[in-house]
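There are 2 protein chains.
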Amino acid sequence: MNPQACTDCTRPSVDQERILLGHGAGGQLMAELLNDVITPHLAAPVEDAAVVPFGAARAVLSTDGFVVTPRFFPGGDIGSLAVHGTVNDLAMRGAAPVALCLAYVIEEGLPTAELRAVTASVAAAARAVGVPVVTGDTKVVNRGCADGLFVTTTGLGRLHPAARVSATRGRRGDVVLLSGPIGAHGTAILTAREGLGLASDVASDSRPLHRLVAAMLDAGGEDVHALRDPTRGGLAAALNELAAAGRIGIECDEPAVPVPAAVASACDLLGLDPFEVANEGCLVALVHPRAAQRVLAAMRARPEGADATVIGEATAGPPGRVTARTLVGSHRIVDLPLGEQLPRIC
Amino acid sequence: MNPQACTDCTRPSVDQERILLGHGAGGQLMAELLNDVITPHLAAPVEDAAVVPFGAARAVLSTDGFVVTPRFFPGGDIGSLAVHGTVNDLAMRGAAPVALCLAYVIEEGLPTAELRAVTASVAAAARAVGVPVVTGDTKVVNRGCADGLFVTTTGLGRLHPAARVSATRGRRGDVVLLSGPIGAHGTAILTAREGLGLASDVASDSRPLHRLVAAMLDAGGEDVHALRDPTRGGLAAALNELAAAGRIGIECDEPAVPVPAAVASACDLLGLDPFEVANEGCLVALVHPRAAQRVLAAMRARPEGADATVIGEATAGPPGRVTARTLVGSHRIVDLPLGEQLPRIC
Chain A
1 MNPQACTDCT RPSVDQERIL LGHGAGGQLM AELLNDVITP HLAAPVEDAA
51 VVPFGAARAV LSTDGFVVTP RFFPGGDIGS LAVHGTVNDL AMRGAAPVAL
101 CLAYVIEEGL PTAELRAVTA SVAAAARAVG VPVVTGDTKV VNRGCADGLF
151 VTTTGLGRLH PAARVSATRG RRGDVVLLSG PIGAHGTAIL TAREGLGLAS
201 DVASDSRPLH RLVAAMLDAG GEDVHALRDP TRGGLAAALN ELAAAGRIGI
251 ECDEPAVPVP AAVASACDLL GLDPFEVANE GCLVALVHPR AAQRVLAAMR
301 ARPEGADATV IGEATAGPPG RVTARTLVGS HRIVDLPLGE QLPRIC
Chain B
1 MNPQACTDCT RPSVDQERIL LGHGAGGQLM AELLNDVITP HLAAPVEDAA
51 VVPFGAARAV LSTDGFVVTP RFFPGGDIGS LAVHGTVNDL AMRGAAPVAL
101 CLAYVIEEGL PTAELRAVTA SVAAAARAVG VPVVTGDTKV VNRGCADGLF
151 VTTTGLGRLH PAARVSATRG RRGDVVLLSG PIGAHGTAIL TAREGLGLAS
201 DVASDSRPLH RLVAAMLDAG GEDVHALRDP TRGGLAAALN ELAAAGRIGI
251 ECDEPAVPVP AAVASACDLL GLDPFEVANE GCLVALVHPR AAQRVLAAMR
301 ARPEGADATV IGEATAGPPG RVTARTLVGS HRIVDLPLGE QLPRIC
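Chains as they are written, first to last, in UniProt numbering: chain A, 1 to 346; chain B, 1 to 346.
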């Protein structure tokens, strides 16, 4: 059984394009892949979670595959990350998690103890969130046909009664709030990754954000227009996606964006832009100005939002354009990252 | 980035056991893995789909990873199989599909045309079922870190109003119904698989069963006690799981089980037991005797149940014991298969 096994099956095309690592990195290449391959067949949603009418209620669904390497890193592991990632995708639509599903693809030869440790971590993270893992699936593939363990989590959520959150609801004049410092997750993964020889004490910020979002919605209701967690592609991708979906401009005050010193120095060393490094425990919000201070106060009252701050505002445009005011007062364009800066970050 | 990348991370144990291919095959080894690794941390459900209270309604959730090789085979491909597999897992709890989620793990280098073909197949299968794909996720891993493409589908379903279906509801005296011939899917995959040199015209039976189940529940209501689709581990595994969950015996009339001639000869050639070969388009039902003929008639009125037949009955036991009356009138024990007969069948 080798990876080329399907060359003599009924492969449907002679098209010579191939998938690149950057197609999975949350940037421009990924957007192109979705537009080129997915949209012609399936509706490609603007959001990571979908709202589905279910009886008299509305259900929220989100699914996410996790392929992070290494699987254990400072601040978490693939199991806790999978729980937090899916809980946060639900939260970004204004939903609280009701149930999680868990699917493993395991490479033959994975130490059983490691599977046990990841499963214990899934269970502990789900317990801390307060969501049951209700069903699962386990597949095993031949040695060499996967990289140890891939985890796919899917969440069912219930909308907060006051939630009218959508990436498309950003409006000119909205205040841009950030819940905390950026860059920790990507930097922690780099530190833990083989061969890079970095010594740093940065731990991933991986954590659930559903309680923070509930507090924001309690405080701001419909005035909380849009939420995004800056994961793959980092803050740059999140702001660009919000600007594009809302057909607004976003002007961000670069010195106002909190970047921990250890993250900044690791990024300097590696030539990375902290705006493009993945996060797993913070969020960006577009909030109507009349509610911004109230929402900000509600965020700061929670541990995961203690460092929440205003980082900019939504402008008339040009639609989709994100700019940053630098320390010296000039403006730079913050582009959607092209492809992978750090592959397999989640 | 090599598959051993995580040896210098914080691997949590020196335990020397490792996952075997057979741990994913739906048999005894898999049951042991679930008991040993999953149950200590998460509830290991008896069913492939979970019923979750959701507002005033009950939601049904099921998740399934697909790693079939080859990805294109007579009668289907990994995309249609992923849709049918999840729709059928929902159906086995008596639920109709409301929404699907789709997660890809793609190996760098996969031809884009192949991803496009699989996505088109997902879309076509979902359209035929009548269920929207509402959200998805795409991850790309380095070349050599996956085998082309893995697909995880998760379904949200709504319970049929009359459904009280559970693997645990099998009762002594229940009639065992089978919706159609067995063995086609596994045989088709074998035929398509590189190097086995079989020439046969068997196509997979992959298809959605939710309409068949709705017709059965319309006809039999609560008298439809338990449903199971005999996928990994085949009919042998399905009957053993129903017998164990219901604490009943099952006596099966072997000559009554329809095995197509092409399947029988392929199995003969390869030393396989058709009872253990995977199916993707039939189901086993335990039905109260007073409703059995009515349910059988409803099944036969639908194309996917045209060959439905009685294959046995539930007995007092010993609990969990499955026996088959052979052509010559003797009895043999039908065991839960140990491990992989055909790895990566779905």
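Backbone N, C-alpha and C fix where the C-beta goes; we use that ideal spot for every residue, glycine too.
Which residue comes first and which comes last in the beta strand (DSSP E) that contains residue i?
i, result
"B/Pro274", "No beta strand (DSSP E) holds B/Pro274; DSSP gives it neither H nor E."
"B/Glu32", "Where B/Glu32 is concerned, there is no enclosing beta strand (DSSP E), although the alpha helix (DSSP H) it sits in stretches over 28 to 33."
"A/His225", "224 to 228"
"A/Leu286", "284 to 287"
"A/Val51", "50 to 54"
In three-state terms, what does DSSP make of residue i?
i, result
"B/Gly180", "coil"
"B/Thr7", "With a pLDDT of 41 at B/Thr7, under the threshold of 50, the modelled position of that residue is not reliable, and the figure given next carries that caveat. B/Thr7: helix per DSSP, three-state reduction."
"A/Ala125", "helix"
"A/Leu336", "coil"
"A/Leu296", "helix"
"A/Asn2", "Residue placement at A/Asn2 is flagged as unreliable, the pLDDT there being 37, under the threshold of 50; a coordinate-derived value is accordingly withheld."
"A/Asp77", "strand"
"A/Arg18", "strand"
"B/Pro319", "coil"
"A/Pro111", "strand"
State the start and end residues of the unbroken alpha helix (DSSP H) segment that holds residue i.
i, result
"A/Gly249", "No alpha helix (DSSP H) holds A/Gly249; the beta strand (DSSP E) holding it covers 249 to 253."
"B/Ile311", "Taken as a continuous stretch (DSSP letters only), B/Ile311 belongs to no alpha helix (DSSP H), being part of the beta strand (DSSP E) at 309 to 315."
"B/Glu241", "234 to 246"
"A/Asp36", "No alpha helix (DSSP H) contains A/Asp36, which DSSP labels as neither H nor E."
"A/Gly65", "A/Gly65 -> not in any alpha helix (DSSP H); beta strand (DSSP E) instead, spanning 57 to 66."
"B/Val213", "210 to 220"
Which whole-angstrom value describes the C-beta separation of residue i and residue j, a residue pair presumed to lie in contact below a C-beta threshold of 8 Å?
i, j, result
"B/Ser62", "B/Thr154", "7 Å"
"A/Glu108", "B/Leu21", "5 Å"
"A/Leu177", "A/Val295", "7 Å"
"A/Ala93", "A/Glu47", "The sequence shown places Arg at residue 93 of chain A, rather than the Ala named in the question. The Cβ separation is near 6 Å, so the contact holds."
"A/Val122", "A/Val83", "6 Å"
Opposite residue i in the DSSP bridges: which residues?
i, result
"A/Ile106", "A/Val140, A/Leu149"
"residue 348 of chain B", "As displayed, chain B neither begins before 1 nor continues past 346, which places residue 348 of chain B out of reach and without an answer."
"B/His331", "B/Arg325"
"A/Cys101", "A/Thr135, A/Thr154"
"B/Val202", "B/Val202 pairs with nothing; no bridge assigned."
"A/Val175", "A/Val287, A/Glu313"
Would you check if the stretch 93 to 102 of chain A and the stretch 123 to 135 of chain A touch, i.e. whether three or more CB-CB distances between them fall below 8 Å?
Result yes; three or more Cβ-Cβ pairs closer than 8 Å.
Decide yes or no for the touch test of the stretch 72 to 81 of chain A against the stretch 174 to 192 of chain A: beta carbon pairs closer than 8 Å, at least 3 of them.
Segment contact: the stretch 72 to 81 of chain A against the stretch 174 to 192 of chain A, three or more CB-CB distances shorter than 8 Å; contact assigned.
Three or more C-beta pairs below 8 Å linking the stretch 161 to 173 of chain B and the stretch 64 to 73 of chain B:
By the Cβ rule, the stretch 161 to 173 of chain B does not count as touching the stretch 64 to 73 of chain B, because fewer than three pairs are nearer than 8 Å.
On the three-pair Cβ rule with 8 Å, is the stretch 307 to 326 of chain A touching the stretch 230 to 244 of chain A?
Yes, since at least three Cβ pairs between the stretch 307 to 326 of chain A and the stretch 230 to 244 of chain A fall closer than 8 Å, the two stretches touch.
Touching by the beta-carbon criterion (3+ pairs, under 8 Å), the stretch 81 to 91 of chain B and the stretch 225 to 237 of chain B
Inter-segment contact for the stretch 81 to 91 of chain B and the stretch 225 to 237 of chain B is present: three or more beta-carbon pairs are separated by less than 8 Å.
At least 3 beta-carbon pairs within less than 8 Å: the stretch 215 to 225 of chain B vs the stretch 279 to 289 of chain B:
Inter-segment contact for the stretch 215 to 225 of chain B and the stretch 279 to 289 of chain B is present: three or more beta-carbon pairs are separated by less than 8 Å.
Spell out a yes or no on whether the stretch 252 to 272 of chain A and the stretch 48 to 64 of chain A are touching, meaning 3 or more CB-CB pairs, one atom from each, closer than 8 Å.
With the rule of 3 Cβ pairs closer than 8 Å, the stretch 252 to 272 of chain A does not count as touching the stretch 48 to 64 of chain A.
Please confirm if the stretch 21 to 35 of chain B is in contact with the stretch 30 to 44 of chain A, defined as three or more CB-CB distances below 8 Å between the two stretches.
As far as the Cβ criterion goes, the stretch 21 to 35 of chain B does not touch the stretch 30 to 44 of chain A, which means the pair count is below three.
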